[in-house]
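First comes the structure, then the notes that go with it.
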Amino acid sequence: MSNEQDKFNHSKRLLKDEAAIAKQLKIAKEFGIDHYLSQPHRLAKHHALDCGNSKCLICSREKVFKERTIQERRFSQREQYSLDKDPED
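In structure tokens, the structure reads:
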């Protein structure tokens, strides 16, 4: 049986998916990519401007050149900053 919290979480998840699809559809319309208009749910887990090629130099630059992503760089900077500021001397 489902309770009220489960129903709320389910509706929240559906709303999040619909918002993400609407956002990507808006981007696709602005850039003139019309093949997503007939099947908008394809954008649920796919970005409108991503080509889908795993070896694409524009879309997958970090993976192809084995660079660190922005999140990894940010984490290492925070870690380095916290070690520099540590008063254990």
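Mapping of the sequence shown onto the numbering used here: position 86 corresponds to residue 126, and the numbering continues sequentially without gaps. Note that beta-carbon positions come from the ideal geometry of N, C-alpha and C, so glycine has one too. Computed from a predicted model, the values in this text were never measured in an experiment.
Return helix, strand or coil for residue i, following the three-state DSSP convention.
i	result
Lys66	helix
His75	helix
Glu44	helix
Ala84	helix
By Cβ distance, which residues of its chain are closer than 7 angstroms to residue i, with the 5 residues on each side in sequence left out?
i	result
Ser100	Ser94
His87	Gln64
What number of angstroms, rounded off, separates the C-alpha of residue i from the C-alpha of residue j?
i	j	result
Tyr121	Gln111	15 angstroms
Ile98	Asp90	9 angstroms
Cys96	Gln117	28 angstroms
Val104	Asp57	29 angstroms
Near residue i, what residues of its chain come up, given a Cβ to Cβ distance below 8 angstroms and the 5 sequence neighbours on each side ignored?
i	result
Ile61	Pro80, His81, Leu83 and Ala84
Tyr76	Gln64, Leu65, Ala68, Arg82, Leu83 and Ala88
Please check the pair residue i and residue j, which I expect to be a contact at CB under 8 angstroms, by giving their CB distance rounded to whole angstroms.
i	j	result
Thr109	Glu102	5 angstroms
- Message: Whether or not the stretch 44-52 and the stretch 64-74 are in contact is what I'm after, with contact meaning three or more pairs of Cβ atoms, one per stretch, closer than 8 angstroms; do they touch?
- Response: No, the stretch 64-74 is not in contact with the stretch 44-52.
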